[in-house]
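Per our numbering, the sequence shown starts with residue 1, numbered consecutively.
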Amino acid sequence: MSGSLEPGLQYTSLPPELAAGATFGPRTKTAFEEIRDEEILKPGVILGPFRDDDEWQLAKWLIKHVGHTATEEFLKLPIPSYTNKTNFLEKIDELKIGPSWRCKSFATVGDVPDLEADPSQKTMMSESNEMWFRDPVECVAELMGNPAFSDSMRFAPVKVTEGDEEVVDEMWTGSWWWELQKRLSPGATIAPLIFSSDKTLLSNFRGDNSAWPVYLTVGNIDKETRRSVNAHATILIGYLPIPKFVCFSKKERSFAKYRLFHQCMSELTRSLIEAGKNGMYMVCSDGWRRLVHPILAAYVADYPEQCLVACCKENRCPICTCAPTERGDHLPHAPRTQDETLRFMRRQQAGEKDSEFEEHGIRAVYPPFWAHLPHSDIFQSFTPDLLHQLHKGVFKDHLVSWCTEIIGKLELDKRFRMMPDVHGVRHFKNGISSVSQWTGTEHKEMEKVFLGLICDGADPEMVRAIRGVIDFTYYASLQSHTTTTLHLMEQALDAFHAHKQVFIRLEGRKEHFNIPKIHSLEHHVPFIRLFGTADGFNTESPERLHIDFAKNAYRASNHKDYLRQMTTWLQRQEAVARHAAYLEWRVAAVSTSVSTPSLPSLVLSGSSSTTPAPVGPDSLVIHKRRPLAKVPPTRPASVSYICSAAGHNASRFLPALTTFLYNLNPSSRFEPRTFDTFRSWKQIVSVPGIRLILFVQHLRSSQIYLVVSGLSLRTSISLSFELANRTSTLQARLSKACFSLSSFPLHIEFVLGLRVAQIKFIFHVPAHYPSSSTLPPLAYVEWFTPLRARNELDGYYHISRSTRRELPYAEIITVDRIVRNAMLIPKKWGEDKTYLLNSHSDGHAFSTELPFQHRNAC
Numbered sequence: 001m002s003g004s005l006e007p008g009l010q011y012t013s014l015p016p017e018l019a020a021g022a023t024f025g026p027r028t029k030t031a032f033e034e035i036r037d038e039e040i041l042k043p044g045v046i047l048g049p050f051r052d053d054d055e056w057q058l059a060k061w062l063i064k065h066v067g068h069t070a071t072e073e074f075l076k077l078p079i080p081s082y083t084n085k086t087n088f089l090e091k092i093d094e095l096k097i098g099p100s101w102r103c104k105s106f107a108t109v110g111d112v113p114d115l116e117a118d119p120s121q122k123t124m125m126s127e128s129n130e131m132w133f134r135d136p137v138e139c140v141a142e143l144m145g146n147p148a149f150s151d152s153m154r155f156a157p158v159k160v161t162e163g164d165e166e167v168v169d170e171m172w173t174g175s176w177w178w179e180l181q182k183r184l185s186p187g188a189t190i191a192p193l194i195f196s197s198d199k200t201l202l203s204n205f206r207g208d209n210s211a212w213p214v215y216l217t218v219g220n221i222d223k224e225t226r227r228s229v230n231a232h233a234t235i236l237i238g239y240l241p242i243p244k245f246v247c248f249s250k251k252e253r254s255f256a257k258y259r260l261f262h263q264c265m266s267e268l269t270r271s272l273i274e275a276g277k278n279g280m281y282m283v284c285s286d287g288w289r290r291l292v293h294p295i296l297a298a299y300v301a302d303y304p305e306q307c308l309v310a311c312c313k314e315n316r317c318p319i320c321t322c323a324p325t326e327r328g329d330h331l332p333h334a335p336r337t338q339d340e341t342l343r344f345m346r347r348q349q350a351g352e353k354d355s356e357f358e359e360h361g362i363r364a365v366y367p368p369f370w371a372h373l374p375h376s377d378i379f380q381s382f383t384p385d386l387l388h389q390l391h392k393g394v395f396k397d398h399l400v401s402w403c404t405e406i407i408g409k410l411e412l413d414k415r416f417r418m419m420p421d422v423h424g425v426r427h428f429k430n431g432i433s434s435v436s437q438w439t440g441t442e443h444k445e446m447e448k449v450f451l452g453l454i455c456d457g458a459d460p461e462m463v464r465a466i467r468g469v470i471d472f473t474y475y476a477s478l479q480s481h482t483t484t485t486l487h488l489m490e491q492a493l494d495a496f497h498a499h500k501q502v503f504i505r506l507e508g509r510k511e512h513f514n515i516p517k518i519h520s521l522e523h524h525v526p527f528i529r530l531f532g533t534a535d536g537f538n539t540e541s542p543e544r545l546h547i548d549f550a551k552n553a554y555r556a557s558n559h560k561d562y563l564r565q566m567t568t569w570l571q572r573q574e575a576v577a578r579h580a581a582y583l584e585w586r587v588a589a590v591s592t593s594v595s596t597p598s599l600p601s602l603v604l605s606g607s608s609s610t611t612p613a614p615v616g617p618d619s620l621v622i623h624k625r626r627p628l629a630k631v632p633p634t635r636p637a638s639v640s641y642i643c644s645a646a647g648h649n650a651s652r653f654l655p656a657l658t659t660f661l662y663n664l665n666p667s668s669r670f671e672p673r674t675f676d677t678f679r680s681w682k683q684i685v686s687v688p689g690i691r692l693i694l695f696v697q698h699l700r701s702s703q704i705y706l707v708v709s710g711l712s713l714r715t716s717i718s719l720s721f722e723l724a725n726r727t728s729t730l731q732a733r734l735s736k737a738c739f740s741l742s743s744f745p746l747h748i749e750f751v752l753g754l755r756v757a758q759i760k761f762i763f764h765v766p767a768h769y770p771s772s773s774t775l776p777p778l779a780y781v782e783w784f785t786p787l788r789a790r791n792e793l794d795g796y797y798h799i800s801r802s803t804r805r806e807l808p809y810a811e812i813i814t815v816d817r818i819v820r821n822a823m824l825i826p827k828k829w830g831e832d833k834t835y836l837l838n839s840h841s842d843g844h845a846f847s848t849e850l851p852f853q854h855r856n857a858c
């Protein structure tokens with residue numbers, strides 16, 4: 001069946017006879033409802049073991065932000081809430097807890113003789129390692145049954161289309177869930193398991209203590225909730241051991257570590273075998289019982305860990321059978337299959353010689369932990385990794401290095417320093433060569449300006465190759481994909497491979513492109529079709545979780561037998577977070593019961609909503625709010641100061657204001673005077689969460705609409721004076737360039753119905769001016785030439801300053817015609833003539849210029 005839940009989108013479900021996500025029996029109580037009913041039987045109990053809200057808030061703060069020693073010292077103060085730390089922890093331990101922790105030891109005998117033992121016994125050295133873990137099935141039940149996720153959880157797959165375009169975003173819109181649901185018995189509910197693991201150091205400056213956390217979440221929860229650390233939608237299910245294995249010779253040590261990893265993961269995932277085959281009844285977040293099949297769908301990991309999980313050598317692809325010498329080729333390769341790999345492993349284990357075993361680069365770690373997991377294929381589970389494969393990998397480690405070799409370190413630093421300083425784009429005022437420790441955020445900031453920075457004087461082949469990588473990265477980062485965006489993503493990758501040899505010709509790279517991270521880009525589009533957009537599986541999420549689940553937990557211990565202490569600390573953290581979520585649910589339930597039953601509402605402080613007006617073929621509707629101070633904060637400025645270079649350099653201010661007032665009321669004979677003074681604002685800021693509906697007119701296509709909704713966009717347009725100590729006055733001028741609507745009605749040559757202008761002065765007319773009480777704030781702008789067609793080479797709009805009779809084309813506009821800021825990059829460094837309109841300045845700018853109707857934002 002199909003239906004429309006959002007305008008323009010069609011939702012198609014599986015046939016009714018499959019009964020995907022079916023419920024069984026009458027509705028039962030959720031976990032929060034059970035806690036509430038228990039409290040009803042205890043008079044006066046509302047906050048669990050806590051006497052009042054002050055005591056609860058203090059407990060929540062202490063357990064989250066204060067270590068054991070500091071907590072003990074704090075509670076020795078004359079505070080009536082708790083007598084001591086023991087009393088405090090007893091109350092925390094009375095709270096409901098989640099799945100319990102267990103410890104299992106793995107004893108391993110090495111191949112190095114034990115010199116301390118009896119030589120006649122030929123005893124080998126051994127080592128014992130502990131794994132702390134929780135039952136993943138219990139953790140899945142905890143996630144599926146959490147009422148806090150009731151509004152963000154889905155129990156069945158769906159196909160989403162928009163006209164002829166298929167839309168892919170959340171995991172339940174991908175083909176993996178859809179196809180697997182057909183193979184299961186009717187009434188089954190799939191819980192797609194998303195595993196992630198990564199080693200991390202626990203101490204920053206001393207010691208080598210490390211942890212190897214394994215995290216679990218489910219694809220039933222939407223990706224925005226999964227990414228939120230405060231939502232607690234990802235659960236830590238284990239700490240894998242990190243062995244020293246001095247009991248093994250160097251030759252065997254690595255293989256022994258691989259084998260121990262799979263032994264531990266086999267123990268960790270043991271309960272998933274039966275539950276995945278036959279399902280397990282669970283009370284879900286909406287209070288209904290479902291037959292849930294927890295099935296491994298995705299494994300989020302960096303490249304070395306992908307090879308470890310897939311049991312392949314690190315010079316091979318863990319997904320396909322590409323040979324080491326073919327990783328730089330833009331050619332399809334046969335995928336690895338689980339059945340074939342296990343067959344090779346069994347034959348190798350039996351001592352049979354198998355040339356294909358070596359050709360495929362397989363490690364004989366038999367049996368791997370995934371061998372008996374039902375309905376899963378580990379080689380289809382490695383999702384795209386935006387951080388390590390794109391931002392840090394192909395872009396920073398390779399593309400930037402090649403360009404640095406070609407252009408030169410000093411020249412590249414100079415261009416970064418001269419780059420315009422724009423809100424929302426980091427300005428590398430010292431260049432990039434001096435940065436020793438890069439973060440994922442800094443990689444993304446470099447990507448915003450890198451193409452425009454390289455364009456001046458670069459070989460056209462080099463520009464096309466760089467544009468292919470940058471565009472591919474931005475397409476891969478989209479939060480929603482259509483058939484067309486995936487096709488454009490493939491075209492961007494084609495462009496890079498078609499022109500990549502220029503880096504060898506210009507001696508930026510010495511030889512081949514057999515690089516694992518470049519080859520990994522071949523798998524991005526197929527995996528997005530399988531599991532949804534890549535932003536739901538980025539390794540940035542588990543790396544952020546290391547802070548809470550590993551580093552902070554370690555700091556709370558005494559660093560001796562620390563894993564045991566870390567699990568206790570984490571269990572208390574989760575108990576407090578669970579209780580906080582329960583109390584929020586209680587407040588929301590009370591609010592709902594007070595409001596109209598048929599119209600349940602949830603009021604959040606600071607929230608706002610706008611209802612879009614009907615959009616017609618000739619309309620342009622922009623829903624936005626532009627907060628400005630009610631009273632201009634600056635002193636009154638004279639017209640001469642506004643026009644002077646030492647002031648706002650608004651040379652055409654008086655003629656533009658005269659024209660504006662005349663157009664406002666042609667019958668009025670009022671004219672502004674040179675001695676009038678105006679008060680002004682320094683900054684205008686757009687509000688996050690705005691909804692834009694922008695009219696789009698293409699030169700060679702019919703009229704369509706671009707809808708960008710639910711954005712987390714915040715832009716700022718600041719007015720500042722040109723500073724003499726800047727490397728170039730270009731920075732101060734162009735940092736204020738912004739999108740602004742042209743005069744109504746829209747002119748056909750404005751490709752996006754928008755035009756770029758430089759705002760030089762935001763002001764309010766004096767009180768003695770006509771209609772001063774009703775006029776909104778005004779802005780003096782100087783226009784740039786219209787956006788006609790994007791440049792074929794770099795893909796940017798090339799614009800220059802617009803003139804009238806060899807003077808700046810200036811106009812006074814109302815501030816409600818300003819849409820957002822824009823970034824202009826000089827086409828020729830040191831010249832102030834032609835500029836590139838940077839569509840990579842942020843995800844919204846990139847999405848706005850997509851050459852088709854698309855609902856998107858990065």
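For every residue, glycine included, the Cβ atom is placed at its ideal position computed from N, Cα and C.
Owing to the predicted nature of the structure, the values given are computational and were not obtained by experimental measurement.
Item	Value
So which of 661, 675, 631 has the shortest CA-CA distance to residue 683?	631
For residue 168 versus residue 196, is the C-beta distance shorter than 9 Å?	no
How would you call residue 93, buried or exposed, if buried means at least 16 neighbouring beta carbons within 10 angstroms?	exposed
Cα separation between residue 243 and residue 257?	7 Å
Is residue 247 helix, strand or coil when you go by DSSP?	coil
If contacts are defined as beta-carbon pairs under 8 Å, then residue 147 and residue 31 qualify, I think. What distance do you get, rounded to the angstrom?	7 Å
When you compare only the Cα positions, how much space is there between residue 307 and residue 326?	17 Å
Measure from the alpha carbon of residue 275 to the alpha carbon of each residue in 341, 141, 442, 764, then state which is nearest.	141
Can the beta-carbon of residue 531 be found closer than 9 Å to that of residue 383?	yes
Quick one: grab the DSSP three-state call for residue 580.	helix
Could you tell me if residue 284 is buried or exposed, where buried requires 16 or more neighbouring beta carbons within 10 angstroms of its beta carbon?	buried
Using the C-alpha atoms, what's the distance from residue 273 back to residue 281?	15 Å
Does residue 448 pass the burial test, meaning 16 or more other C-beta atoms within 10 Å, or should it be called exposed?	buried
Report the CB separation of residue 225 from residue 152 in whole angstroms; it is logged as a contact under 8 Å.	4 Å
Look up residue 482 in the DSSP assignment and give the residues it is bridged to.	167
I need the DSSP call for residue 151, collapsed to helix, strand or coil.	helix
Could you tell me which residues DSSP puts in a beta bridge with residue 196?	215, 300
Quick one: is residue 15 buried, meaning 16 or more other Cβ sit within 10 Å of its Cβ, or exposed?	exposed
Between residue 395 and residue 470, is the Cβ-Cβ spacing less than 9 Å?	yes
Quick check: the Cα distance between residue 844 and residue 424, rounded to an integer number of angstroms?	12 Å
With burial defined as no fewer than 16 other Cβ atoms inside 10 Å of the residue's Cβ, what is the status of residue 409: buried or exposed?	exposed
Between residue 426 and residue 361, is the Cβ-Cβ spacing less than 9 Å?	no
Taking residue 826 as the reference, which of 56, 400, 415 has the closest Cα?	415
Can you give me the C-alpha to C-alpha distance between residue 84 and residue 565, rounded to a whole angstrom?	20 Å
Residue 665: which of 547, 775, 653 sits nearest, CA to CA?	775
Enumerate in chain order the residues of its own chain whose CB-to-CB distance from residue 269 is below 7 Å, with the five nearest sequence positions on each side excluded.	136, 369, 373
Please tell me whether residue 386 and residue 538 are closer than 9 Å, where the distance is taken between their beta carbons.	yes
Could you tell me which residues DSSP pairs with residue 108 in its beta bridges?	127
Assuming residue 130 and residue 241 form a contact by the criterion Cβ under 8 Å, report the distance between their Cβ atoms to the nearest whole angstrom.	6 Å
Starting from residue 819, trace the beta strand (DSSP E) both ways and give me its first and last residue.	818-821
Alpha carbon to alpha carbon, how far is residue 768 from residue 636?	14 Å
Closest to residue 519 by C-alpha separation, out of 319, 66, 436, would be which residue?	319
Please work out which residues of its chain come closer than 6 Å, Cβ to Cβ, to residue 402, disregarding the five sequence neighbours upstream and downstream, and give them in chain order.	503, 508, 509
For residue 720, does the count of other Cβ atoms within 10 angstroms reach 16, so buried, or fall short, so exposed?	Confidence is the limiting factor: at residue 720 the pLDDT is only 46, short of 50, which leaves the residue's position unreliable, though a coordinate-based value still follows. Exposed: under 16 other Cβ atoms inside 10 Å.
Could you check the C-alpha separation between residue 802 and residue 211 for me, to the nearest Å?	60 Å
My understanding is that residue 62 touches residue 88, with C-beta atoms under 8 Å, so please give their C-beta distance in whole angstroms.	7 Å
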